Every structure is written in structure tokens, then in C-alpha cells.
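Student: Residue numbers (the working numbering): 1227 to 1381.
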């Protein structure tokens, strides 16, 4: 396997796991200790619509698979564009913050509206928590990992 693929697989697995763990923890804390299956069902509802909330164990598993597909796609895009992004924003942390905001915007302004997810009212508090999760669990870790991968290499 080429180094790009290996780096994307490692980074995608790490940030995908951190993101879903944080989202699940947030749900469990917010609901007083309920298990996080609805988080995965919500993700699955992007494809299956409301049926995702009635589909048994297959739907959370489909949601988990879909979650990792999305995480790997955003990871691959970040690694692919890292050299260009780094030219515009040299500070690794701010690059990660910016990418976390970008991921949130793409998911909430493009992906979710085009999916079969049931409509949800906008809630600023929830949006800020989701942004924080994406910045801390995806954006900054990707920027740090990519920076370590490409330091001293010409791109």
C-alpha cells in the first residue's frame, strides 16, 4: 500500500473513532445515561430515512459503517489538499479549527439537507457542541497528523 493510503486509513480510523465516541458520549450524558444507538440510527437515516429508527441492530451497524465512510472521505480530502491548505494557513491548530468548521458546514449545509434525515430545527447550543466535537476530534488531529507526515517533504 502506498504511504498516502496508509496515512489516510490510520488517520481516518482515529478521527472517525474519536468523533463517534464523542458524539455517543454527548448523547449518553444529555439523555441521562441512555445507550447511544439513536446516534448511529440517525446517521443511517441519511440513507434509510425514518426506517432507520425501526430497523433493529442492522441500522446502527449501517450507521456506523456510513459514519466511517464519511470520516475516511473527509480524511482523504484533507490529506489530498494539505499542501495547498498549509500554504494559506501555516499554524497547525488554526488549520485544524478551520477544517473542523469546514466539515461541520459541509455536513450541515450540504450532506444532511440532501439526505433522508428527518428535518431538525436549528439549535445553537447543539450546533456549537457539534462544531467543538468536529474541531477537537477531527480537524485538529488531522492537521497534527498530516503536519507530522509531510514535515520536510515537498508537496
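Ideal Cβ placement from N, Cα and C applies to all residues, glycine included. Since the model is a prediction, treat every value here as computed from it, not as a measurement.
With distance defined between alpha-carbon atoms, name the residue in 1348, 1355 and 1314 nearest to residue 1252.
Tutor: 1355
Student: Quick one: using the 10 Å Cβ neighbour count with 16 as the cut-off for buried, is residue 1367 buried or exposed?
Tutor: Burial call: buried.
Student: Measuring alpha carbon to alpha carbon, tell me which of 1329, 1285, 1325 and 1273 ends up nearest residue 1310.
Tutor: 1325
Student: Which of the three DSSP states is assigned to residue 1368 in this structure?
Tutor: helix
Student: For residue 1312, does the three-state DSSP call read helix, strand or coil?
Tutor: helix
Student: Which same chain residues end up closer than 6 Å to residue 1434 when comparing Cβ atoms and leaving out the 5 residues on each side of it in sequence?
Tutor: Outside the displayed span of the chain (1227 to 1381) sits residue 1434, for which this structure offers no information.
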